[in-house]
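Note that the protein sequences, when read in sequence, are chains S and F. Numbering-wise, the first sequence is residues -19 to 363 according to this note's numbering. Numbering-wise, the second sequence is residues -19 to 363 according to this note's numbering. By construction, the Cβ of each residue, glycine as well, lies at the ideal position given by its N, Cα and C atoms. These numbers were taken from a predicted model, which means no experiment stands behind them.
2 protein chains.
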Amino acid sequence: MQIAIRREPIEGERRVAATPATVATYVREGYQVVVQRDAGAASGYPDAAYFDAGATLVDAVDLTAVDVLAHVRPLEPATIAALKPGAVTVGFAAPAGELDAVAELADRGVTAFSLELVPRISRAQSMDALTSQALIAGYRCVLEAATRFPRFLPLYMTAAGTIPPASVLVLGAGVAGLQAIATAKRLGAKVSAYDVRSASADEVRSMGGTFIHLDLDEDADAAGGYAKELAADRAARQRELLTPHVQAADIIITTAAIPGRPAPRLITADMLTGMTPGSVIVDLAAESGGNVEGSVAGVDTAVAVDGGVITLVGMKDPASTMAFDASRLLAQNIAQLIGLMTVAGALTPDFDDEVVAGACLTHDGAVRHEPTAQAVAERNGAR
Amino acid sequence: MQIAIRREPIEGERRVAATPATVATYVREGYQVVVQRDAGAASGYPDAAYFDAGATLVDAVDLTAVDVLAHVRPLEPATIAALKPGAVTVGFAAPAGELDAVAELADRGVTAFSLELVPRISRAQSMDALTSQALIAGYRCVLEAATRFPRFLPLYMTAAGTIPPASVLVLGAGVAGLQAIATAKRLGAKVSAYDVRSASADEVRSMGGTFIHLDLDEDADAAGGYAKELAADRAARQRELLTPHVQAADIIITTAAIPGRPAPRLITADMLTGMTPGSVIVDLAAESGGNVEGSVAGVDTAVAVDGGVITLVGMKDPASTMAFDASRLLAQNIAQLIGLMTVAGALTPDFDDEVVAGACLTHDGAVRHEPTAQAVAERNGAR
Chain S
-19 MQIAIRREPI EGERRVAATP ATVATYVREG YQVVVQRDAG AASGYPDAAY FDAGATLVDA
41 VDLTAVDVLA HVRPLEPATI AALKPGAVTV GFAAPAGELD AVAELADRGV TAFSLELVPR
101 ISRAQSMDAL TSQALIAGYR CVLEAATRFP RFLPLYMTAA GTIPPASVLV LGAGVAGLQA
161 IATAKRLGAK VSAYDVRSAS ADEVRSMGGT FIHLDLDEDA DAAGGYAKEL AADRAARQRE
221 LLTPHVQAAD IIITTAAIPG RPAPRLITAD MLTGMTPGSV IVDLAAESGG NVEGSVAGVD
281 TAVAVDGGVI TLVGMKDPAS TMAFDASRLL AQNIAQLIGL MTVAGALTPD FDDEVVAGAC
341 LTHDGAVRHE PTAQAVAERN GAR
Chain F
-19 MQIAIRREPI EGERRVAATP ATVATYVREG YQVVVQRDAG AASGYPDAAY FDAGATLVDA
41 VDLTAVDVLA HVRPLEPATI AALKPGAVTV GFAAPAGELD AVAELADRGV TAFSLELVPR
101 ISRAQSMDAL TSQALIAGYR CVLEAATRFP RFLPLYMTAA GTIPPASVLV LGAGVAGLQA
161 IATAKRLGAK VSAYDVRSAS ADEVRSMGGT FIHLDLDEDA DAAGGYAKEL AADRAARQRE
221 LLTPHVQAAD IIITTAAIPG RPAPRLITAD MLTGMTPGSV IVDLAAESGG NVEGSVAGVD
281 TAVAVDGGVI TLVGMKDPAS TMAFDASRLL AQNIAQLIGL MTVAGALTPD FDDEVVAGAC
341 LTHDGAVRHE PTAQAVAERN GAR
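(1) Express the C-alpha separation of Lys64/F and Ile(-17)/F in angstroms, rounding to a whole number.
(2) Within a Cβ cutoff of 8 Å, which residues of the same chain sit near Leu115/F, ignoring the five residues on either side of it in sequence?
(3) Could you spell out the range, first to last residue, of the beta strand (DSSP E) harbouring Gly157/F?
(4) Is it right to say His193/F is buried, meaning 16 or more other beta carbons lie within 10 angstroms of its own, or is it exposed?
(5) Considering only the alpha carbon of each residue, which of Leu85/F, Leu327/F, Gly258/F lies closest to Val347/F?
(6) So, using beta-carbon positions, are Ala40/F and Gln16/F closer together than 8 Å?
(7) Starting from Tyr174/S, trace the beta strand (DSSP E) in both directions and tell me its first and last residue.
(8) Can you tell me where the alpha helix (DSSP H) with Val225/S in it begins and where it stops?
(9) Would you verify that the beta carbon of Met(-19)/S is, or is not, closer than 8 Å to some beta carbon of chain F?
(10) Kindly indicate the opening and closing residues of the beta strand (DSSP E) around Tyr136/S.
(11) Listing by chain order, which chain F residues have their CB less than 8 Å from the CB of Gly168/S?
(12) Quick one: what's Gln16/F bridged to in DSSP?
(13) Is it buried or exposed for Thr69/F, if we count other Cβ within 10 angstroms and need 16 for buried?
(14) Over what stretch of residues does the beta strand (DSSP E) that includes Ser147/S continue unbroken?
(15) Per DSSP, Phe93/S is paired with what?
(16) Does Thr301/F pass the burial test, meaning 16 or more other C-beta atoms within 10 Å, or should it be called exposed?
(17) Roughly how far, in whole angstroms, is the beta-carbon of Ala(-3)/F from the beta-carbon of Ile314/F, given that I think they are within contact range, below 8 Å?
(18) Please look up how many angstroms separate the CB atoms of Val122/F and Thr59/F, rounded, as I've assumed it's under 8 Å.
(19) Give the DSSP-derived three-state secondary structure of Gly141/F in the structure shown.
(20) Looking at the secondary structure, which residues open and close the alpha helix (DSSP H) in which Ile(-18)/F lies?
(21) Residues of chain F with CB closer than 7 Å to the CB of Gly258/S, please, in chain order.
(22) Between Glu183/S and the ligand NAD, is the CB less than 7 Å from at least one heavy atom?
(23) Going along chain F, which residues have a C-beta under 7 Å from Ala126/S?
(24) Listed from N- to C-terminal order along the chain, which residues in the stretch 97 to 123 of chain S have their beta-carbon within a distance smaller than 7 Å of any beta-carbon of chain F?
(25) Compare the Cα-Cα distances from Val335/F to each of Glu(-12)/F, Ala81/F, Ala326/F, Ile318/F and report the closest residue.
(26) Apart from the five residues on each side of it in sequence, which residues of its chain come closer than 6 Å, Cβ to Cβ, to Thr190/S?
(27) In terms of alpha-carbon separation, which member of Ala243/S, Ile238/S, Gly274/S lies closest to Thr253/S?
(28) Going along the chain, which unbroken runs of the beta strand (DSSP E) with 3 or more residues stay wholly within the stretch 257 to 325 of chain F?
(29) Alpha carbons only, please: which of Met295/S, Ile(-15)/S, Gly77/S is nearest the one belonging to Thr352/S?
(30) Across which residues does DSSP place Ala50/S in a beta bridge pair?
(31) Identify the contact partners of Gly141/F in chain S, using a Cβ-Cβ distance below 9 Å as the criterion.
(32) Give me the Cβ distance between Pro(-11)/S and Tyr25/S, rounded to the nearest whole Å; I'm assuming they're in contact under 8 Å.
(33) In whole angstroms, what separates the C-alpha of Gly325/S from that of Ala83/S?
(34) Going straight from the alpha carbon of Leu327/S to that of Ala67/S, what length do you get?
(35) Below 8 Å on C-beta distance, what does Pro144/S contact in chain F?
(36) Using CA atoms only, rank isn't needed, just tell me which of Asp330/F, Leu97/F, Gly278/F is closest to Glu350/F.
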């Protein structure tokens, strides 16, 4: 069976779906591996290393011959249309957003596995690409904040006086938020964090952060460790209670996301006005609507406050800024999922396995993921 | 007596020679303090804070009325010519480079104190601006490296496999180098360091770094904790012995400087070829000739290596990137030096004090710093 890896076609995407190490795994498992030339160039994996691992290098992947296509970004409908019926795809599929592609995958009879749908159970941790990529994002956003901050993060006691540590506030304590806490602590900052899920308090503390309790009399833990959306009046009360914490912070990292929904608005423009000039906010959710009013993905915005300006950073695609390690983890996640489904050198999904069934987006002409199937049906009905 | 602080006239210089805190000190000591409007704007100190501290804000400082001029960058000859004879200046004067300005200071009868000349003795630590600004540079260059490095610095043990820590090599273990070691360690990297001064081995270890001993059979400790220049054959041998360490490093920070001389060339282009693609070199000495062949101050250069490219970063003015804290320390250094010379609200230098005498560049029409006096005399002779 042939596994193919293409150079990611989307501009700016630097990751690759397989590294030489995972190619070697596929070869050992009995697959024939085809890699497009320069597929790993932007992430630091040269063609020669893929060749040495046992891959066949090609100028362009012949999609009609592919049995398994490993990919990073959601596939374009045109790419899907070129696959043979029964082909298998494994990668990010953005099931909530890319409904055209999902419909095409089903129509084409492709068996698509979506990394976003891998169940958050311990047996599937090694396949959890949302987690592995969020690790990168959490680390990265602290570096982005630190380089824009006109002060030290650590405490310094010098002959010319003592410099106090920076105060970092992290909003949203999922994987990215916890990693941001850990990285800011490494750099010596004083870190506090808030999450609408009260269950995260212990995790925040274990990373060295101080957990902020807000008197919201509602908890928002949803299944799978994700957060659910707050009612409008609760969200307003949340913002009101957060305001003094926002204004006391030198650096704010926002990481709040709700699966399949726009990012919650945690910070409004009004809340920024009391911040100290020079402060920096990094909005990790800028690409999905933004936790902070006014943030634009990929753009630094100067916001006027009393006595100066603060910098609002809309993070864009943090994983691609560290493409080597991001690809290393992502490729491993994909290889683990493919390995789980491999029997005697052939990809043979066992739909009785909850990981396989959970990760499956389309199979045999149907959309298998129920919420996505409904969204596709609604979209078709609306046409 | 009037102390004046101007907005630094040099493009890109974001620091300021006094903060509201040091203005308050001057006022307490009995000085009248004049601050040019927006002097602290770029470093995050608003006019209102200077006013509250007791300063008089002016649109332009009347240089003819100034008794003491505190400054960051070396003064322009035109500025010096406007000062009254007997005026005192305190700031960086670059005595080895700015000979025109030095001659003008002497000709004009200005009493100039150069922060570069403050003796490195423990009593003068609080006035040591080279040290305080090097602290900034050492911290900063690690952040610059980390944001350009396509991998994590720390070790990560994840469900998708273990990511090894980055290997950081620091060349030159003065204040900046030690701070770079400390910051890279904070971020979880494996750090080794080399300095031609064998005395620095213990300091490197105390920061958590591994000291690299090269078999050079010559030591290069000079007075004041600085390094002296190596003979050409020793320098070549040093490069040869450093090569395997350079090629094993993921990130290299070079900080080697020799007072009054061009920076030593520690790394040649040849030595880079064996480095791993994605590696990053930050040359802190780029503005004084560069420790690394090909580095250009303020520019990132991609250097081709086997299988990809590495990034060579020529650091430029790192202190201005963190102007708030850089100014805080620098202003304190200046205030300590002025405080040492203040008697009953007037600046009254006691030239029997070794700190005052050591820091004095010009006084009473003469260049007091012997090496600079010689350089000025040679320059005049050559005309």
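This is what the structure gives:
(1) Position 3 of the second sequence, counted from the first residue, corresponds to residue -17/F. Position 84 of the second sequence, counted from the first residue, corresponds to residue 64/F. Distance between the alpha carbons of Ile(-17)/F and Lys64/F is about 13 Å.
(2) Position 135 of the second sequence, counting from 1, holds the residue named residue 115/F. Same-chain partners within the cutoff: Val155, Ala156, Gln159, Leu309.
(3) Taking the second sequence and counting its residues from 1, one reaches residue 157/F at position 177. Looking at the DSSP string, Gly157/F is not in any beta strand (DSSP E); the run it does join, the alpha helix (DSSP H), is 155 to 166.
(4) Sequence index remark: in the second sequence, residue 193/F carries index 213 (1-based). His193/F is exposed by the Cβ-count criterion.
(5) Taking the first residue of the second sequence as 1, we reach residue 347/F at position 367. Comparing Cα positions, the closest option is Leu85/F.
(6) Stepping through the second sequence from its first residue, residue 40/F is reached at position 60. Stepping through the second sequence from its first residue, residue 16/F is reached at position 36. It is a contact, given that the beta carbons lie within the stated cut-off.
(7) Locating residue 174/S in the first sequence gives position 194, where the first residue counts as 1. Counting along the chain, the beta strand (DSSP E) containing Tyr174/S begins and ends at 170 to 174.
(8) Along the first sequence, read from residue 1 onward, the residue named residue 225/S stands at position 245. Reading the sequence as shown, one finds His at residue 225/S and not Val. Start and end: 212 to 228.
(9) Numbered from 1 along the first sequence, position 1 holds the residue referred to as residue -19/S. Output row for Met(-19)/S: interface = no.
(10) Taking the first residue of the first sequence as 1, we reach residue 136/S at position 156. Here the beta strand (DSSP E) through Tyr136/S covers 136 to 138.
(11) Taking the first residue of the first sequence as position 1, residue 168/S is located at position 188. Correct list: Arg166.
(12) By one-based count along the second sequence, residue 16/F stands at place 36. DSSP, once it has assigned bridges, lists Val38/F as partnering Gln16/F.
(13) Here the question's residue 69/F lines up with position 89 in the second sequence. By the 10 Å Cβ count, Thr69/F comes out buried.
(14) In the first sequence, the residue the question calls residue 147/S occupies position 167. Counting along the chain, the beta strand (DSSP E) containing Ser147/S begins and ends at 147 to 151.
(15) Here residue 93/S refers to the residue found at position 113 of the first sequence. BP columns for Phe93/S point to Val70/S, Cys340/S.
(16) Start at 1 with the first residue of the second sequence, and residue 301/F comes out as number 321. Flag for Thr301/F reads buried.
(17) Start at 1 with the first residue of the second sequence, and residue -3/F comes out as number 17. Start at 1 with the first residue of the second sequence, and residue 314/F comes out as number 334. Their Cβ separation, rounded to whole angstroms, is 6 Å, which keeps Ala(-3)/F and Ile314/F in contact under 8 Å.
(18) For the purposes of this step, residue 122/F is identified with residue 142 of the second sequence, where counting begins at 1. For the purposes of this step, residue 59/F is identified with residue 79 of the second sequence, where counting begins at 1. That belief does not hold up - the Cβ atoms of Val122/F and Thr59/F are roughly 36 Å apart, past 8 Å.
(19) Translated into positions along the second sequence, residue 141/F becomes position 161. Gly141/F: strand per DSSP, three-state reduction.
(20) Sequence index remark: in the second sequence, residue -18/F carries index 2 (1-based). The sequence shown places Gln at residue -18/F, rather than the Ile named in the question. From DSSP, Gln(-18)/F is part of no alpha helix (DSSP H) but of the beta strand (DSSP E) over -18 to -15.
(21) In the first sequence, the residue the question calls residue 258/S occupies position 278. Result: Gly24, Phe304.
(22) The ligand NAD is absent from the structure shown, which contains no ligand whatsoever.
(23) As a first step, residue 126/S must be located in the first sequence, where it is residue number 146. Within chain F, the residues near Ala126/S are Leu123.
(24) Gln105, Ser106, Asp108, Ser112, Leu115, Tyr119, Leu123
(25) In the second sequence, the residue the question calls residue 335/F occupies position 355. Here the closest residue by C-alpha is Ile318/F.
(26) Along the first sequence, read from residue 1 onward, the residue named residue 190/S stands at position 210. These residues qualify, in order along the chain: Ser172.
(27) Counting from 1 along the first sequence, the entry for residue 253/S is found at position 273. Among Ala243/S, Ile238/S, Gly274/S, the Cα nearest to that of Thr253/S is on Gly274/S.
(28) 260 to 263, 280 to 285, 288 to 294
(29) Counted from its first residue, the first sequence places residue 352/S at position 372. For Thr352/S, the nearest C-alpha among the options comes from Gly77/S.
(30) What you label residue 50/S is simply residue 70 of the first sequence in a count that begins at 1. Paired residues: Ile(-15)/S, Val70/S.
(31) By 1-based counting over the second sequence, the position of residue 141/F is 161. The answer, in chain order, is Ala1, Ser106, Arg308, Leu309, Gln312.
(32) Working through the first sequence from its first residue, we reach residue -11/S at position 9. Working through the first sequence from its first residue, we reach residue 25/S at position 45. Pro(-11)/S to Tyr25/S, Cβ: 17 Å. No contact.
(33) As a working note, residue 325/S is residue 345 in the first sequence. As a working note, residue 83/S is residue 103 in the first sequence. Cα-Cα distance, rounded: 29 Å.
(34) In the first sequence, the residue the question calls residue 327/S occupies position 347. In the first sequence, the residue the question calls residue 67/S occupies position 87. Looking at the two C-alpha atoms, the distance is approximately 10 Å.
(35) As a first step, residue 144/S is located in the first sequence; it is residue number 164 there, counting from the start. Within chain F, no residue comes near Pro144/S; the closest Cβ sits about 10 Å away, beyond 8 Å.
(36) In the second sequence, residue 350/F corresponds to position 370, counting from 1. The shortest C-alpha separation from Glu350/F is found at Leu97/F.
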